[in-house]
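Oh and the sequence shown: position 28 is 27 in numbering that gives the first Met the number 0, straight run, nothing missing.
Contents: one structure, followed by commentary.
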Amino acid sequence: MLNRHDLVAGDTGTGKTAPLQMLAERPSRDGAPVFVSDVKGDLSGIGGARTDLPEVRLWPRRAAHADRGT
């Protein structure tokens, strides 16, 4: 059983990618949402295009300034 949040960290070449891929694939196959922050793109192949997500729109700058009171 995985924790709700996990962190895999280490120096370059220490073997983080394969274990992280295994940790992320199992819950994903079972239908659980998985978020992985992957700056280098090593895990880009484990995700697929999702078509069932709602559309995301950025707020106009005018609304963002109004929220900050400027």
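Positions of the beta carbon are idealized from the N, C-alpha and C atoms, including for glycine.
Original post:
Which residue from L42, V33 and G14 puts its Cα closest to that of D5?
Top reply: Looking up residue 5 in the sequence shown gives position 6. Looking at the Cα atoms, V33 is the closest of the given residues.
**OP:** Flag this pair as yes or no: are the beta carbons of L19 and V7 separated by less than 9 Å?
**Re:** Walking along the sequence shown from the start, residue 19 turns up at place 20. Walking along the sequence shown from the start, residue 7 turns up at place 8. Taking 9 Å as the Cβ cut-off, L19 and V7 qualify as a contacting pair.
Original post:
Taking just the CA atoms, how far does D41 sit from R3?
Top reply: Residue mapping note: residue 3 aligns to position 4 of the sequence shown, counting from 1. Residue mapping note: residue 41 aligns to position 42 of the sequence shown, counting from 1. If I take the Cα positions, the gap works out to 22 Å.
Original post:
When we look at the beta-carbon of L31 and count the other beta-carbons within 10 Å, is it buried (16 or more) or exposed?
Top reply: Numbered from its first residue, the sequence shown carries residue 31 at position 32. This sequence places Ala at residue 31; Leu is not what is there. The residue is exposed, with fewer than 16 neighbouring Cβ atoms inside 10 Å.
Subject >> Exposure of A81, with buried meaning 16 or more beta-carbon neighbours within 10 Å >> reply: Residue 81 lies beyond the range of the chain shown here (0 to 69); nothing can be said about it.
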